[in-house]
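When you read off a place in the sequence shown, starting at 1, and then add 34, the result is the number in the numbering used here.
By construction, the Cβ of each residue, glycine as well, lies at the ideal position given by its N, Cα and C atoms.
Some notes on the structure that comes next.
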Amino acid sequence: MFCMNDILLPSLINHFKLNYTQATMIQFTFYLTYVIFPLPIAWMIHKYGYKVSLIVALLVCSTGCSLFIPAKFLDSFIIVLIAIFTLSTGITVVNVAANPFITLLGDKEGAHIRMNFVQVFSRAGYASTPLIATSLIYSNTGEIRFHFPYMLLAACIFIIAVLVYFSQMPSLKAEKEEKFSVPGLFKESIQYRHLFFGVIAMFFYVGAEACTAGFFIPYLRSVLGFTDSEAARYLTLYYVFAAGMGLMAVIILRYVKAHKMVGLFGISMIICFLICIFLNTGYNEYILACLGLFLSIMFPTLFSLAIEEVGAFAAKGSALLNFAIVGGSMFPPIQGMIADRFGVNVSYAVPCFCFVIITLYAFFFTKTPLMKRKTRLKYSK
């Protein structure tokens, strides 16, 4: 459903005659929920357990998808945004619940590997979405049926919710009740330096990911002259690369420190962005697709780096990290304004800058940053 935004944005530009800044309200609305709901959702999970929270999440997602039907027949961009906001609310529940659960399954040394392994399945789903969604949205006659894939998703998600309700999945409620307060959460988080800076890095990362994928098809259309169907094939390649590297990362992270891998991949992202901004090599579509290789490990590894060794604070730390996902709401409108004024290629300076911040975090502000590690080695001699 994250990937659907990348297909929805260019189709709605055509259907509603939007400029890039207006179209980025899709990402703004989608990611806005992450600043509103993480703490209430964390409280709900703590109070009612994982099963109830998951059922609620699926029903909310199904409702959000269903709202695309009146949005189409009333031809209303406002209802589209309401549908996206509702859908994103359900997805937020899943993110707050699932990510800390994955990191805490097993030994802490394997957290980075487990997070990346789970992300492989998401990336594999993303890889199939552009071609399928494009074929569903655009009819043979050229009509834009942006509601059609969401109508199918609404039915599928509702069926899954019913199956979960009748399943034997345990609720997994917390064994010990504890007082839950917003001031207490922020006060407690100050003691974890790497988590604090990790929240900042996550803010910039999600903004960069939303910008990169959201303007992928517009870049290929406006800069390289591709059609929507041709551009969708390269977006598929982008996600195929992401899934493949995500799978390889499960092995690579056994031998390479997670923060070093994030830093090196961050440098690679910056180089690719600079080429796409300033050069037309004749292979820019492949360079753009290669961004999927280096972006693949970012979310799960940044998440696990930030939440590393925080103990019982993991669930609440997850809520803070999910606050940071609002970065996906902040940066696309900035990129949209730059794209409207200077062109889509220049607008990629926004995610490029974001990855400068992420690279600095990886090398200097994680649990065992590069400078601290060098200092230890010096004194150990």
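- With a cut-off of 8 Å on Cβ pairs, the region 189-202 is not in contact with the region 56-70, counting fewer than three such pairs.
- A straight line joining the alpha-carbon of Val127 with that of Thr315 spans about 43 Å.
- Annotated as distal: Ala91 and Ala353, with beta-carbon spacing of 9 Å or more.
- Bounds of the alpha helix (DSSP H) holding Asp40 are 38-50.
- Close CB contacts of Met185 within its chain, under the 8 Å cut and outside five residues either way in sequence, are with Cys99, Ser100, Phe102, Ile103 (chain order).
- Beta bridge pairing from DSSP links Tyr172 with Ile178.
- Straight-line spacing of the CA atoms in Tyr382 and Lys106 works out to 31 Å.
- In this structure, the alpha-carbon of Tyr172 lies about 15 Å from that of Arg267.
- The beta-carbon separation of Ile392 and Ala235, rounded to 5 Å, stays under the 8 Å limit for a contact.
- For Tyr320, the enclosing alpha helix (DSSP H) starts and ends at 318-329.
- Within the region 327-391, the runs of alpha helix (DSSP H) that reach at least 4 residues and sit entirely inside it are, in chain order, 332-340, 348-358, 361-376, 378-381.
- Residue burial annotation: Asp40 is buried, with at least 16 other C-beta atoms found within 10 angstroms of its C-beta.
- In the pairwise beta carbon analysis, the region 278-298 is classified as not touching the region 77-89: fewer than three pairs are separated by under 8 Å.
- Separation of Pro252 and Cys306 (C-alpha to C-alpha, rounded to the nearest whole angstrom) is 17 Å.
- Annotated three-state conformation of Thr400 is coil, per DSSP.
- Its chain contains His228, Glu342 as the residues whose beta carbon lies nearer than 6 Å to that of Lys401, once the 5 sequence neighbours on both sides are disregarded; these appear in chain order.
- Distances from the alpha-carbon of Phe250 to those of Cys324, Leu269, Gly241, Ile113 put Leu269 closest.
- Closest in alpha carbon position to Ala167, among Ser263, Glu319, Ala242, is Ser263.
- Using a Cβ distance threshold of 9 Å, Phe237 and Leu42 do not count as a contacting pair.
- DSSP, read as helix, strand or coil, puts Leu258 in coil.
- Here the alpha carbon of Met59 sits roughly 22 Å from the alpha carbon of Phe333.
- Per the C-alpha coordinates, the member of Leu108, Leu46, Tyr226 positioned closest to Ala348 is Tyr226.
- Between the beta-carbon of Thr246 and that of Pro385 there is about 5 Å, and that keeps the pair under the 8 Å contact cut.
- In the structure shown, Arg227 adopts helical secondary structure according to DSSP, grouped into three states.
- For Val296, same chain residues with a beta-carbon under 6 Å away, outside a window of 5 residues either side, are Thr335, Ala396 in chain order.
- In the three-state reduction of the DSSP assignment, Gly297 falls in the helix class.
- In this chain, the alpha helix (DSSP H) harbouring Lys85 covers 84-100.
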